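Asks: This structure is in structure tokens; I'll ask about it shortly.
If you want it as structure tokens, here you go:
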């Protein structure tokens with residue numbers, strides 16, 4: 188007979204993380220499917236920091252605050268044109284939270 192722990196003393200993180208070719212200056216990206224991609228040419232010493240940052244974006248998506256498509260980023264009901272923004276800029280509200288918490 189087995190028993191179930193209501194609150195196990197460990198955590199499991201099954202976030203898929205892939206290393207791919209990415210454009211210059213981009214270190215990572217959180218995807219709508221729950222995965223994270225990292226720039227394969229990134230300094231290995233930066234990986235943990237970038238993963239922590241991108242996991243904040245995954246949390247933002249899970250709670251419904253953040254979404255995006257090819258043309259727009261949607262943050263708490265407001266639509267931001269990707270053509271009119273500097274992606275990853277620290278002053279964007281979703282980035283400000285990720286930089287602060289990661």
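Residue numbers (the working numbering): 188 to 289. Backbone N, C-alpha and C define an ideal beta-carbon position, used for all residues, glycine too. These figures come from a predicted structure and were not determined experimentally.
1. Where in the segment 196-239 do unbroken runs of the beta strand (DSSP E), each at least 3 residues long, occur, reported from the N-terminal end onward?
2. When the distance is taken between beta carbons, is residue 239 closer than 8 Å to residue 289?
3. Would you report the Cα separation of residue 266 and residue 255, rounded to the nearest angstrom?
4. Could you pull the DSSP bridge partners for residue 256 from this structure?
5. Identify whether residue 266 lies in helix, strand or coil by the three-state DSSP scheme.
6. Find out if the Cβ-Cβ distance for the pair residue 237, residue 229 is shorter than 8 Å.
7. With the cut-off set at 8 Å, would you say residue 241 and residue 216 are in Cβ contact?
8. What whole-angstrom Cβ distance do residue 245 and residue 202 have, given they're in contact under 8 Å?
9. Check whether the Cβ atoms of residue 227 and residue 208 lie closer than 8 Å to each other.
Replies: Taking the structure as given:
1. 204-207, 215-217 and 223-226
2. yes
3. 9 Å
4. The partner list for residue 256 (beta bridge, DSSP) is empty, contrary to what the question assumes.
5. strand
6. yes
7. yes
8. 7 Å
9. yes
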